[in-house]
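Position 83, counted from 1, in the sequence shown is what the working numbering calls 1137; the numbers after and before it change by one each time, with no gaps.
Where is the CB? At the ideal position from N, CA and C, for every residue including glycine.
Have a look at the structure below, then the notes.
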Amino acid sequence: MVDFGSSHFGTLLPCRVTISPESARWPTVGKYKVDTASLESLALPELQVKEDTDLFIIDEVGKMELFSPAFFPAVMRVMESNIPVLATIPLPRYGRDIPGVARLRNHPGADVFTLNTGNRDTMRESIYNQLSRLMQKR
């Protein structure tokens, strides 16, 4: 995770690495440990709705990020603001959706584009045009 404005970064630890007694208690998703304190210290200040923000880019809102009890409410405040959002969310897996992700997908202001290797290049223009329209309304 990178804050482009300050170059601060946080990380998710791969391969269930235990580097401290504290990290042994971190949630695990697949082969990754989730350092929620690091996630929150980096992401939450960036998810503040401010008058001078033109666009939020969130990559991604998924199972790992939702282990933070503060992350999803911050994302929802962004979604309820008048500021355009470009976010990535995972597709449902094995017919099951992550409840927070489903709320974002079904949000009244959401336009969902499903990308795959076959359409990702052609979808770029559609996404760009939609974001341009949203930003012109501001």
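**Q.** Inter-residue CB distance, residue 995 and residue 1138 (contact presumed, cutoff 8 Å)
**A.** One cannot answer for residue 995 here, as it falls past the ends of the chain, which runs 1055 to 1192.
Q | DSSP three-state assignment for residue 1140, whether helix, strand or coil | A | The count along the sequence shown starts at 1 and reaches residue 1140 at position 86. When DSSP states are grouped into helix, strand and coil, residue 1140 belongs to the strand group.
Q.
Assuming residue 1125 is part of the alpha helix (DSSP H), what are its boundary residues?
A. Counting from 1 along the sequence shown, the entry for residue 1125 is found at position 71. Note, residue 1125: alpha helix (DSSP H), 1125 to 1134.
**Q.** Inter-stretch contact (C-beta, 8 Å, three-pair minimum) for the stretch 1082 to 1092 and the stretch 1116 to 1123
**A.** Under the 8 Å Cβ criterion, the stretch 1082 to 1092 counts as touching the stretch 1116 to 1123, having at least three qualifying pairs.
Q) CA-CA distance, residue 1102 and residue 1128? A) Along the sequence shown, read from residue 1 onward, the residue named residue 1102 stands at position 48. Along the sequence shown, read from residue 1 onward, the residue named residue 1128 stands at position 74. Approximately 7 Å between the Cα atoms of the pair.
Q) So, using beta-carbon positions, are residue 1081 and residue 1133 closer together than 9 Å? A) Along the sequence shown, one-based indexing puts residue 1081 at 27. Along the sequence shown, one-based indexing puts residue 1133 at 79. No, the Cβ-Cβ distance between residue 1081 and residue 1133 is not below 9 Å.
(Q) Using 9 Å as the threshold, is the C-beta distance between residue 1143 and residue 1116 below it? (A) For the purposes of this step, residue 1143 is taken as residue 89 along the sequence shown, with counting starting at 1. For the purposes of this step, residue 1116 is taken as residue 62 along the sequence shown, with counting starting at 1. Yes. Within cutoff.
Q: Starting from the C-beta of residue 1114, find all residues in its chain whose C-beta is less than 6 Å away, skip the five residues before and the five after it, and write them out in chain order.
A: Residue mapping note: residue 1114 aligns to position 60 of the sequence shown, counting from 1. Closer than 6 Å at the Cβ level, and outside the excluded window around residue 1114, lie 1142.
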